[in-house]
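Colleague: Please see the structure below; I have some questions.
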Amino acid sequence: MRALHRVIKRSFAAEECCNAVSRQAQAHTPAEAATAWRARCAAVAAARSAAEAPSPSHAADRRTWQQRRRLSGSAGGGSGGGDGGDGGGSGGGAASRAPTLKAALRALFLRVHPDLFSDYPAEQAENQRSFQLLQEYLEAARAPPDGGPASRVPYRFRFFLRPAGGGGDGPEPDAGPEAGAGAPAAEAERAGAPALVRAELTLPPPEPSPAGGGALSAATRKALGKLLGLCGIEADTAAAESEEDAAARRRLRAFLPEAAEAVRHAESGAVGWEVRAANIRGAMRLARRVVVGFGAGDFPGPRQVELLQALARVLDELAAEGVDVGGANIMFGSKTAMDAKGTLWLDAWEDDHESWADFLGGADLSFAAARREAAAALRRLEGGVAAAAGLGMVFAPAGLAATGEYRAFLERLAAHAAQHGPISARSSSGGGDSSSSSSTGSAEAQQQQQHQQQQGPEGFGQLPLYVAPLPPPASSGSGSSTTGSRGGAAGGSEEAGGSSGFEVQQGMCCLQVPVTAEPAAVYAFVQDRGPDALRLLSDRRAAAARAEDLAARVRARLRLRRLLRDPLLAPWQFEAGCGRLLQHAGALTQFVEGASVRVSDANRVDGATIDVAWDAEP
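Quick note on the UniProt record's numbering: the sequence shown kicks off at 1 and runs consecutively.
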């Protein structure tokens, strides 16, 4: 019905235009009247085509509408980078230079961001393992050669990526709301969803650079270019390193004054956009009773204001038609759908905002509210089960958490905990080999005592338990996706229990159990491997505390607003960069006081943030 009203309004508007042209033709000379008549004929033809154009209100029609628009945009070679892309310059026909290696690695980080794969928990975990392994690869490539055995292990990468949409060359931003229960990639492909693209490659150990100083060798740059190309990302690996080295060699005293001035100009405009976006969101919260947010993706201040203003117009239009969307939680992402938590996602790269109105006007808000309440009840149930079992927390990926199978697991574990109490550490080392020597037995006893001391009086009260879906059938040559970064690099060091879903998640410092596990098996696994996970968690927290303490000292000494760490940097590089900043704080404070500084691999200005190379000279 709303689509019919839009067609009628288009027809009336075109008819008014025709009448105006006719009135103007009567007041002019015959030649001018003929010109006006031709204009009227063109207006009538435009009105007829507008009235007969298909309305993109339905999902299938909207997809066809988007495909036609993208095809026409790519064929025309217009200015800009396309829908949601990174922007290909002005004109589209001119040859653009490939991005630097640093920019390509950032693009890969955005394409494998965990928020984009919440519907695919197995692929999400594999992406996290592979990207962590890539960080170790870069760390080994920049570190001085030590000849140790760790540097001679091959690196196996396996990335799962969403297919790039449209006609652009770059990856399409994707915030990925959970539109369903979260099926594997094969099931999603059978259901009609776009299948994930798998990029798998094994690289030899990186060769140390003869130049030293953290520079990458030519062979390493070539290997990284091969990996990025397999992921659909171009990179100028030949020239990128020399450019970044030149930037890193620039002295901070020459770079920081220009960077501080550029940041001041950027902040003067950015603050205004941020204030406007906050004001619009506050107005919609008060006037329309809706909460609006932004998912993962590139949403700078001007883009946020543009989207919020468009949404405000849509909400005003719905209110004029008597449609109340009060109480809804709205997020901007890459698709228009309702996720398992009752959040209404809008496609931020959709030009036709009428589709937003159709979706919001037809959404079942009571069902969305019920989903939000169910999600809150599930969180309360998880907290109660964790407290009863003596664990720090129990959680699952979003796709699995919305299923009855996960709730059944929680109920089984709660009943078992009510009968047997919380999980406690084993009182003795137990199943040691009777033929082992007394020295080995004493060493195992000391190790057991250390584990019990690590647990402290709370036992496993700090240990997270990750409930995972059933693992896929084991295939030849595929190693464990989460047995650890170095285990993944070795390409096949899978534990005996890895295929059953019982694993130590080194990336998240927790224990993983399958959703079909029985409570007794969960208790036994936590008692056996819980100390290992607690040790990982303790080491991670200790390292984070040291880094935070060092960052706090740098912030206070240089009087910074914020101090950030580039996610592509290794921990030792961040610590080395902080040490350099502290060492030369007296000469640098006058340039960076009150600024936001990020320890990175090169000197650059990124919006309102100053990137300082971790090995830069003062």
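For glycine and all other residues, C-beta sits at the position ideal for the given N, C-alpha and C.
Below 6 Å, is the gap between the Cβ of A608 and the nearest heavy atom of the ligand ADP?
Modeller: This structure simply doesn't include the ligand ADP, nor any ligand for that matter.
Colleague: Indicate the three-state DSSP secondary structure (helix, strand or coil) for S217 in the structure shown.
Modeller: Residue state, collapsed to three classes: coil.
Colleague: Note the first and the last residue of the continuous alpha helix (DSSP H) segment covering D119.
Modeller: Careful: D119 lies outside any alpha helix (DSSP H) and carries neither H nor E.
Colleague: Pick out whichever of G577, P464, A468 and A310 has its Cα sitting closest to the Cα of E405.
Modeller: Nearest C-alpha to E405: A468.
Colleague: Under 8 Å: do the segment 408-422 and the segment 343-360 share three or more Cβ pairs, one atom per stretch?
Modeller: The segment 408-422, when compared against the segment 343-360, does not touch it at the 8 Å Cβ threshold.
Colleague: Nearest CA to the CA of P618: which residue from A235, L511, A254 and P121?
Modeller: Looking at the Cα atoms, A254 is the closest of the given residues.
Colleague: Would a C-beta distance cut-off of 7 Å place V197 and P163 closer than the cut-off?
Modeller: Yes, the pair counts as a contact, with Cβ atoms nearer than the cut-off.
Colleague: Between the segment 588-596 and the segment 546-560, do at least 3 Cβ pairs fall closer than 8 Å?
Modeller: Result yes; three or more Cβ-Cβ pairs closer than 8 Å.
Colleague: Is the CB-CB distance between G390 and P422 below 7 Å?
Modeller: Their beta carbons are under 7 Å apart, which means G390 touches P422 by this criterion.
Colleague: Using only CA atoms, which one of A363, E354, W356 and V323 lies nearest to G342?
Modeller: Closest option to G342, Cα to Cα, is A363.
Colleague: Considering only DSSP beta bridges, list what D549 is partnered with.
Modeller: DSSP lists no partner for D549.
Colleague: Which one or two residues does DSSP pair with C510 in a beta bridge?
Modeller: Answer is Q505.
Colleague: DSSP three-state label for V605, please.
Modeller: Strand, per DSSP.
Colleague: Please work out which residues of its chain come closer than 6 Å, Cβ to Cβ, to R251, disregarding the five sequence neighbours upstream and downstream, and give them in chain order.
Modeller: Closer than 6 Å at the Cβ level, and outside the excluded window around R251, lie E617.
Colleague: Going by DSSP, what residue range makes up the beta strand (DSSP E) through L564?
Modeller: Element bounds for L564: R562 to R565.
Colleague: By DSSP's criteria, W345 is part of a beta bridge. Which residues make up the other side?
Modeller: The partner list for W345 (beta bridge, DSSP) reads M331 and A337.
Colleague: Would you give the residue range spanned by the beta strand (DSSP E) that V292 belongs to?
Modeller: Element bounds for V292: V291 to F294.
Colleague: Can the beta-carbon of C509 be found closer than 7 Å to that of L536?
Modeller: A contact, by the Cβ cut-off of 7 Å.
Colleague: Measuring CB atoms only, is the segment 412-419 touching the segment 511-519, in the sense that at least three cross pairs come out at less than 8 Å?
Modeller: A contact exists between the segment 412-419 and the segment 511-519.
Colleague: In the DSSP assignment, find the unbroken beta strand (DSSP E) run with P464 in it and report its ends.
Modeller: That run of the beta strand (DSSP E) goes P464 to A468.
Colleague: For a test of the three-state rule: what should DSSP assign to E200, helix, strand or coil?
Modeller: E200 falls in the strand class under three-state DSSP.
Colleague: Run the CB neighbour count on S334, radius 10 Å, all protein chains shown included, and call it buried at 16 or more, exposed below.
Modeller: Its Cβ being crowded by 16 or more others within 10 Å, S334 is buried.
Colleague: Let me check one thing: in DSSP terms, what residues is R156 bridge-paired to?
Modeller: Answer by DSSP bridge pairing, in chain order: T202.
Colleague: Based on the DSSP output, what are the partners of V275 in its beta bridges?
Modeller: Per DSSP, none; premise fails for V275.
Colleague: Ends of the beta strand (DSSP E) at V592?
Modeller: Not the beta strand (DSSP E): V592 falls in the alpha helix (DSSP H), residues A585 to V592.
Colleague: Alpha carbon to alpha carbon, how far is residue 698 from A107?
Modeller: The structure shown has nothing for residue 698, since the chain only spans 1 to 618.
Colleague: Whole angstroms is fine: what's the gap from G84's alpha carbon to A613's?
Modeller: Note that G84 has pLDDT 37, beneath the 50 cutoff, so the model's placement of it is unreliable and no number is given.
Colleague: Check F460 in the structure and name its three-state DSSP category.
Modeller: Looking at F460 - three-state DSSP - the assignment turns out to be coil, as it is neither helix nor strand.
Colleague: Look up L568 in the DSSP assignment and say whether it is helix, strand or coil.
Modeller: DSSP places L568 in coil when its eight states are reduced to three.
Colleague: So the candidates are Y137, F525 and A369; which of them puts its Cα closest to the Cα of A219?
Modeller: The candidate whose alpha carbon is nearest that of A219 is Y137.
Colleague: Could you pull out every residue in the same chain whose Cβ sits closer than 7 Å to the Cβ of A53, ignoring the five residues on either side in sequence?
Modeller: Here A53 scores only 46 on pLDDT, less than 50, and its place in the model should not be relied on; the value that follows carries that caveat. Taken in chain order, the list of residues that qualify is empty.
Colleague: Considering only their Cβ atoms, is the gap separating A262 from V605 smaller than 7 Å?
Modeller: Contact: yes.
Colleague: Taking L315 and R281 to be in contact with their CB atoms under 8 Å, please state how far apart those CB atoms are, rounded to whole angstroms.
Modeller: So it is not a contact: roughly 12 Å between Cβ atoms.
Colleague: To the nearest angstrom, how far is it from the Cα of A248 to the Cα of V599?
Modeller: Confidence is the limiting factor: at A248 the pLDDT is only 44, short of 50, which leaves the residue's position unreliable, though a coordinate-based value still follows. Whole-angstrom Cα-Cα distance: 12 Å.
Colleague: Could you check if F574 is buried or exposed, using at least 16 other CB atoms within 10 Å of its CB as the buried criterion?
Modeller: When all chains shown are included, F574 counts as buried.
Colleague: Does the Cβ of G326 have 16 or more other Cβ atoms within 10 Å, making it buried, or fewer, making it exposed?
Modeller: Exposed.
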